[in-house]
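As structure tokens, the structure follows; a few thoughts come after it.
Protein chains: 2
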Amino acid sequence: MTDQYIMRGAVGILDSGVGGLTVVKEVFRQLPKEKVIYFGDTLRCPYGPRTPEEVNAFTKEIVRYLSLYPLKALVIACNTATAVALEDVRREVSIPVLGVIEPGARAAVKESHQGRIGVIGTQGTIRSSAYEKALKQIDPDLYVVSHPCPALVPLVESGESDDGSARQIVKQALAPLKEHRLESLILGCTHYPLISSLIGKEMGSEVALISSAEETARELSTVLHQKGIQYDGISKQGEHLFFTSGRPEIFQFIAERWLEQPVTVKQVALPELKEIPAG
Amino acid sequence: MTDQYIMRGAVGILDSGVGGLTVVKEVFRQLPKEKVIYFGDTLRCPYGPRTPEEVNAFTKEIVRYLSLYPLKALVIACNTATAVALEDVRREVSIPVLGVIEPGARAAVKESHQGRIGVIGTQGTIRSSAYEKALKQIDPDLYVVSHPCPALVPLVESGESDDGSARQIVKQALAPLKEHRLESLILGCTHYPLISSLIGKEMGSEVALISSAEETARELSTVLHQKGIQYDGISKQGEHLFFTSGRPEIFQFIAERWLEQPVTVKQVALPELKEIPAG
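Taken in order, these protein sequences are the chains called A and B. Okay, so the first sequence: first residue is 28 according to my numbering, each after it adds one. Okay, so the second sequence: first residue is 28 according to my numbering, each after it adds one.
Dropping the structure here:
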């Protein structure tokens, strides 16, 4: 732990694995002066099929670990953990806590003057109705179509999204959405921004694609400025920390490729989560 | 004053005149459950040519008047007043205070992955460098081009923006911006969203147009939700209040046309601002 963290406070970001790195990338871009401490629970990933009790317990365990560092804000960069644990975590800590669902919902409302909004996500996210609930809480009169796209994560993970057959897979996955005259489509899974150009071609330019990662970073910026706790110094040199419960070399490989910079990764053994920090 | 305001708290919105109604319209759309109390200082409009001391004094006078009502948040929906008085007002009141400049700046950063941002506004706004300062505070490496467009407000006010010559006026006004390969353009004047289609045609579809009114309403939504003070009830029936220091019948005519609903307008005599509310 460096003096910088103590003086400034860092932004804590947690995810079930590497997906939340899309949020990290956007925080680096939209808040380039801030320091990030990330925890990816790669060992227990994915959270989607787990019970709410498990997701809640895992999330709180990670929050307690990250809280050993001086944090000024916390981002739950995982759709499943946001849907299950956001309110609980907000009650447990005194710093601002952001999830990835509300920022996406708010951006979709902003983009949709006739109120016609689509949501795609994993089966778990769509089944939870988390986006639909967030949208209807803002305005019960919105027209919301939610649709699970289980074929898209494997497509991203396969690394074959440039392939000729990829467009066909995306076309099939999105077909049920095309008749709804949508104005915006929430990419309700951290993988989807990686194939946003394919999704955009299929939906057409009149449908605004909403990236939860972009929107969450933007709202983090709003909240830090509103509270007057943004870092106003000159330094742009990052000194970020990344923790994983899985194999650090794999995490490091993915993180460095995606963030386009060297990163420091430390493995945290889960039974020790409640003990002293590894840093 | 009704029981509803006491129980829920309203959103106070102030402007030098009617321009801030673009923010009101977006608050009605993006936060349809919230109540609004608006003050348009039509009698002393425009604020642009006034000294900072005057703008500061006027703004605080209005804030004190609005504070006689139970407010939960305050929006300074005027570029000039935001640039001059935002920080002072934040120190004076205990509720969240939003200006129109930071939301536009943040949205532009989000939209501009290569960091190439344009700003148009009145001469006063551009001379204040308020957007440029807000942008550079986020990231000193951004490429920012600011350009005053004095011809555009008269174009809007003339009501002849559908005219054949209108496109020519817009073309001339924006010409200096076209060579900068901008990714986004901040419409830094509350009038400009009314001719955004003309501006969009001129700049091309690759330049994202940023409406401060849309973005400010979106950030208000973020702040209310983050603090847990959004209204979660079912009612969508608005019972908003509008105050003007000028002639109420003119204000009412403009407000009802723009907001597409009947509004209640009350005139407030300026020397009485510090006295009891007119409502």
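Every residue gets a Cβ at the ideal spot worked out from N, C-alpha and C, and that includes glycine.
Check: Kindly identify the DSSP beta-bridge partner or partners of A/Y65.; Outcome: A/I40 and A/F269
Check: Answer with buried or exposed for B/I277, where buried requires no fewer than 16 other C-beta atoms within 10 angstroms of its C-beta.; Outcome: exposed
Check: Put B/Q31 into one of helix, strand or coil per three-state DSSP.; Outcome: A caution first: B/Q31 carries a pLDDT of 49, below 50, which makes its placement in the model too unreliable to give a value.
Check: Count the other C-beta atoms from every protein chain shown that fall within 10 angstroms of the C-beta of B/A161, then say buried if there are 16 or more, exposed otherwise.; Outcome: buried
Check: Cβ closer than 8 angstroms: which chain B residues qualify as neighbours of A/P123?; Outcome: Q253
Check: Along the stretch 136 to 163 of chain B, what residues have a CB closer than 8 angstroms to any CB found in chain A?; Outcome: V136, K137 and H140
Check: Here's a check: name, in chain order, each residue in its chain whose Cβ is nearer than 7 angstroms to the Cβ of B/Y258, leaving out the five neighbours to either side.; Outcome: R35, K60 and E61
Check: Quick one: does A/D166 have its CB under 7 angstroms from some CB of chain B?; Outcome: yes
Check: B/E241 touches chain A at which residues, Cβ-Cβ below 8 angstroms?; Outcome: K137
Check: Taking only three categories from DSSP, how would you classify B/L179?; Outcome: helix
Check: Can you grab the Cα-Cα spacing for the pair B/E119 / A/S185, in whole Å?; Outcome: 56 angstroms
Check: When you compare only the Cα positions, how much space is there between B/I165 and A/D115?; Outcome: 31 angstroms
Check: Report all residues from its chain with a CB closer than 8 angstroms to the CB of A/P130; omit the five preceding and five following residues, and keep chain order.; Outcome: S239, E242, T243, R245 and E246
Check: What does the alpha-carbon distance come out to for the pair B/G307 and A/P97?; Outcome: The structure shown does not extend to residue 307 of chain B, since chain B is modelled only from 28 through 306, so no value can be given for it.
Check: Would you list, in sequence order, the uninterrupted beta strand (DSSP E) runs of no fewer than 3 residues that lie entirely inside the stretch 156 to 211 of chain A?; Outcome: 170 to 175
Check: Counting only beta-carbon atoms, is B/S238 nearer than 7 angstroms to chain A?; Outcome: no
Check: If you compare alpha carbons, which of B/A37, B/L201 and B/R154 is closest to B/K228?; Outcome: B/L201
Check: If A/A282 sits next to A/V290, beta carbons under 8 angstroms apart, how far is it from one beta carbon to the other, in whole angstroms?; Outcome: 5 angstroms
Check: Give the residues of chain B in contact with A/R77, contact being defined as C-beta atoms less than 9 angstroms apart.; Outcome: The contacting residues do not exist; A/R77 stays about 27 angstroms from chain B at best.
Check: Under 7 angstroms, Cβ to Cβ, is there at least one residue of chain B near A/R245?; Outcome: yes
Check: Give every residue of the same chain whose Cβ lies closer than 7 angstroms to the Cβ of A/Q141, excluding the five residues on either side of it in the sequence, and list them in chain order.; Outcome: E210
Check: Could you tell me the alpha carbon to alpha carbon distance between B/T149 and B/L204, rounded to whole angstroms?; Outcome: 15 angstroms
Check: Could you tell me whether the Cβ of B/V250 comes closer than 7 angstroms to any Cβ of chain A?; Outcome: yes
Check: Taking the alpha helix (DSSP H) that A/S238 falls in, what are its first and last residues?; Outcome: Not the alpha helix (DSSP H): A/S238 falls in the beta strand (DSSP E), residues A235 to S238.
Check: In chain order, what residues of the same chain lie with their CB nearer than 6 angstroms to the CB of B/H174, ignoring the 5 residues before and after it?; Outcome: I147, P203 and L204
Check: Please list, in chain order, all residues of the same chain as B/A193 whose beta carbon is under 7 angstroms from its beta carbon, the five residues on each side excluded.; Outcome: L182, E187 and L225
Check: Which same chain residues, not among the five before or five after B/I237, have their C-beta less than 8 angstroms away from its C-beta?; Outcome: G131, A134, A135, E138, S211, L212, I213 and L214
Check: For B/Q288 and chain A, any beta-carbon pair shorter than 7 angstroms?; Outcome: no
Check: Determine, for B/R35, whether the minimum Cβ-Cβ distance to residues of chain A falls below 7 angstroms.; Outcome: no
Check: Measure the alpha-carbon distance for A/Y219 versus A/L179 and round it to whole angstroms.; Outcome: 7 angstroms
Check: Excluding the 5 residues flanking A/V90 on each side, which residues of the same chain have their C-beta closer than 6 angstroms to its C-beta?; Outcome: V116
Check: Can you tell me the Cα-Cα spacing of B/S156 and B/P76, whole angstroms?; Outcome: 15 angstroms
Check: Are the CB atoms of B/D68 and B/S272 within a distance shorter than 7 angstroms?; Outcome: yes
Check: Under 8 angstroms by Cβ, that's how I've got B/F270 and B/F66 pegged, so tell me the actual separation to the nearest angstrom.; Outcome: 5 angstroms
Check: Distance check for A/T86 and A/V102, CA to CA, integer angstroms please.; Outcome: 11 angstroms
Check: For A/G255, which of helix, strand or coil comes out of DSSP?; Outcome: coil
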